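Take a look at the structure below.
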Amino acid sequence: MSNKTSVTLLLDHGDMRLVANDTFDTSDENPGVSERNQVIQLDPDHPGFRDAEYRARRNSIARIALEYKPGTRIPDAPYTSREHELWQTIREAVRPEHRRHACADYLACMEKLDLPNDRIPQLSEVSAKVESLSGFRLEPVAGLVSPRVFLESLADGVFLCTQYIRHHSTPLYTPEPDVVHELLGHAVTLASKRLADLNRQVGRVVKLTRSQEAFERLSRLYWFTIEFGVVRENEEIKAYGTGLLSSAGELQKMHSADLRPFDLEGASRQEYDPTKFQPVLYCAPSFDQMYQQLTDYLVNLN
Ligand SMILES: [Fe+2]
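Residue 274 in numbering that gives the first Met the number 0 sits at position 275 of the sequence shown; the count goes up by one each step and never skips.
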């Protein structure tokens, strides 16, 4: 057994989403049908690398994103019954961890969104619910897009969202963002008015950055707050970060991290490794203070 199959870590938090247009030609001149199997260029160690059926489905889902026109309804992804079962398996693994470790705001949003347990919800239905609650909407992307494109879209209330699910052989591991991370992490938190607002604020400030250094500091700030933030609630440490909330393994490991005070300047300079459980987390004294301090910090960067 490869060591990856036993890892419960989601290695998917880089949000470095490569635009696949370069490798996917939909023009009549070059139908490139045989090349379409290469739209998703899975690494040889990817759990789905040797599964031709999985790769074909990944490509058909990628095609939805590549042909998607913003503002129109997102076509449904063709998930198999095995993939719906995979979603259910992951939900069942993460549910008790949410009860123990998720912040109150997340649990309230989870209830409002009422995501189905027995099937992967389609992006179109989740996007409609999130939009009705906070104004944010989801738009599909084929795979990885650049961090700047990803973060800037937040300013417009758009979350660029992958639609495929990880390979069934590794239910608690994915080497890239997948629909589980996007929905259980980002979509649920984007249903929160305050977390949606923070996402927009980060996007707006990113749009104003000119230097690479300033951009990288904002990327790290996003990482240590929106992706991996924790707060104190009733003397306990609770997660509001999407990378934590979409992974049973990350939630279980959260208390072993080096919990640092909510020092946003420090967080913006702290390096991280997206391929490991996060050893450093920044903890705000409360959700309210997290919201206020992050808002103040971002406003002052303008
Ligand atoms: Fe993420």
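Backbone N, C-alpha and C fix where the C-beta goes; we use that ideal spot for every residue, glycine too.
Every value quoted in this text rests on a predicted model; they were computed, and no experiment measured them.
Heavy atom of ligand 1 within 7 Å of residue i beta-carbon
i, result
"E249", "no"
"E138", "no"
"H100", "no"
"T241", "yes"
"P273", "no"
"E151", "no"
"E226", "yes"
"H167", "no"
"P176", "yes"
"Y180", "One point to set straight first is that residue 180 is His, not Tyr, in the sequence displayed. Correct: H180 has its Cβ closer than 7 Å to ligand 1."
"G47", "no"
"G70", "no"
"G184", "yes"
Cβ neighbour criterion (16 or more within 10 Å) applied to residue i
i, result
"A101", "buried"
"S245", "buried"
"A165", "Residue 165 is actually Arg in this sequence, not Ala. With 16 or more Cβ atoms within 10 Å of its Cβ, R165 is classed as buried."
"L250", "buried"
"G242", "buried"
"R94", "exposed"
"S191", "buried"
"V148", "exposed"
"G142", "buried"
"G70", "exposed"
"N301", "exposed"
"P77", "exposed"
"Q291", "exposed"
"A103", "exposed"
Rounded C-alpha distance that separates residue i from residue j
i, j, result
"P43", "S285", "43 Å"
"R99", "A107", "14 Å"
"H83", "E181", "16 Å"
"L122", "V140", "11 Å"
"P146", "E91", "31 Å"
"N2", "V298", "Here N2 scores only 34 on pLDDT, less than 50, and its place in the model is too uncertain to base an answer on."
"Y271", "R216", "12 Å"
"V178", "L207", "29 Å"
"S210", "Y296", "18 Å"
"R193", "Y105", "11 Å"
"H45", "A247", "21 Å"
"H97", "M109", "10 Å"
"M289", "R49", "44 Å"
"E226", "A51", "32 Å"
"F158", "E138", "6 Å"
"S26", "E124", "Low confidence applies here, because S26 scores a pLDDT of 40, under 50, leaving its location unreliable; read the following figure in that light. Computed Cα separation, rounded: 30 Å."
"T188", "A55", "31 Å"
"D287", "N58", "42 Å"
Any non-hydrogen atom of ligand 2 closer than 7 Å to residue i Cβ
i, result
"G142", "Judged by which ligands are present, ligand 2 is missing from the structure shown, whose ligands are ligand 1."
* For the 8 Å Cβ check, are there 3 or more pairs between the region 200-208 and the region 141-158? -> yes
* Asked: At a cut of 8 Å, does the region 121-131 reach the region 270-285 through at least three beta carbon pairs?
  -> Taking a contact to require three or more Cβ pairs closer than 8 Å, the region 121-131 and the region 270-285 do not qualify as touching.
* To do: Specify whether the region 167-179 and the region 261-270 touch according to this definition: at least 3 beta carbon pairs, one from each stretch, less than 8 Å apart.
  => no
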